[in-house]
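Undergrad: Have a look at this one before I ask anything.
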Amino acid sequence: MSFKYSKKDKLKSKKLIEQLFTEGKAITAYPLRLIYLKTEFEDNSTLKTGVSVSKRLHKTAVARNRIKRLLREAYRLNKPIYFNNSSTSYAFMILYLSKDGTTFDKLNKSMKLLFDKFIDKTSET
195 MSFKYSKKDK
205 LKSKKLIEQL
215 FTEGKAITAY
225 PLRLIYLKTE
235 FEDNSTLKTG
245 VSVSKRLHKT
255 AVARNRIKRL
265 LREAYRLNKP
275 IYFNNSSTSY
285 AFMILYLSKD
295 GTTFDKLNKS
305 MKLLFDKFID
315 KTSET
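For the sequence shown, counting from 1, position 43 maps to 237 in this note's numbering; every step adds exactly one.
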């Protein structure tokens, strides 16, 4: 698995997003929440990921877009480290929960903690 975050890695299916929010399980590592669902994809990819920032907490599009850009970058850099040998397919939605702005270092640290919790939780079952 490479450090790419290509079009086939992005979660775009409205049906799958709805299913993710209704049936998915959640893990939180403040200020991030990961909602995940074990599923199969038609294009044989192992992970499809979306990011979201609340409009209620961050009023301006500039603030939301910056946080989403940082989230995607933190995900892109950590994905090969944690999911390189994964054979199971998952759909992810990463939500930013904090009202405050953030730095890349804080997000990256939270992303690593979130993925550690995810690996622990999924290896139990």
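The beta-carbon is built from N, C-alpha and C at its ideal position, and this holds for glycine as well.
Bear in mind that the values here come from a model prediction, so they are computed numbers and not experimental data.
1. Are the CB atoms of Lys219 and Leu231 nearer to each other than 9 Å?
2. Can you confirm whether the segment 245–265 touches the segment 311–319 when touching is taken to mean that 3 or more C-beta pairs between the two stretches lie within less than 8 Å?
3. Just to confirm the assignment: which complete alpha helix (DSSP H) runs, minimum length 4, are found wholly within the segment 252–278?
4. Should the segment 273–280 be called in touch with the segment 210–224, which here means at least 3 C-beta pairs below 8 Å?
5. Looking at the secondary structure, which residues open and close the beta strand (DSSP E) in which Lys219 lies?
6. Let me check understanding here. Comparing Cα to Cα, which of Gly295, Ser239, Leu226 lies closest to Lys253?
7. Are Arg270 and Tyr224 close, meaning C-beta to C-beta below 9 Å?
8. I believe Leu241 touches Tyr284 by the beta-carbon criterion, under 8 Å. Please report the beta-carbon distance rounded to the nearest angstrom.
9. Are the beta-carbon atoms belonging to Leu228 and Leu301 less than 9 Å from one another?
10. Does the distance from the C-beta atom of Leu251 to that of Ser292 stay below 9 Å?
11. Are the CB atoms of Leu210 and Thr233 nearer to each other than 9 Å?
TA: Walking through what the data contain:
1. Counting from 1 along the sequence shown, the entry for residue 219 is found at position 25. Counting from 1 along the sequence shown, the entry for residue 231 is found at position 37. A contact, by the Cβ cut-off of 9 Å.
2. no
3. 255–277
4. no
5. Along the sequence shown, one-based indexing puts residue 219 at 25. Residue range 219–223 is occupied by the beta strand (DSSP E) that includes Lys219.
6. In the sequence shown, the residue the question calls residue 253 occupies position 59. The shortest Cα separation from Lys253 among Gly295, Ser239, Leu226 belongs to Gly295.
7. Start at 1 with the first residue of the sequence shown, and residue 270 comes out as number 76. Start at 1 with the first residue of the sequence shown, and residue 224 comes out as number 30. The answer is no: Cβ separation not under 9 Å.
8. Position 47 of the sequence shown, counting from 1, holds the residue named residue 241. Position 90 of the sequence shown, counting from 1, holds the residue named residue 284. Yes, Leu241 and Tyr284 are in contact; Cβ-Cβ is about 6 Å, under 8 Å.
9. Locating residue 228 in the sequence shown gives position 34, where the first residue counts as 1. Locating residue 301 in the sequence shown gives position 107, where the first residue counts as 1. Not closer than 9 Å, so no.
10. Counting from one through the sequence shown, the residue named residue 251 turns up at place 57. Counting from one through the sequence shown, the residue named residue 292 turns up at place 98. Going by C-beta atoms, Leu251 is nearer than 9 Å to Ser292.
11. As a working note, residue 210 is residue 16 in the sequence shown. As a working note, residue 233 is residue 39 in the sequence shown. Yes; because the gap between Cβ atoms is below 9 Å, this pair is in contact.
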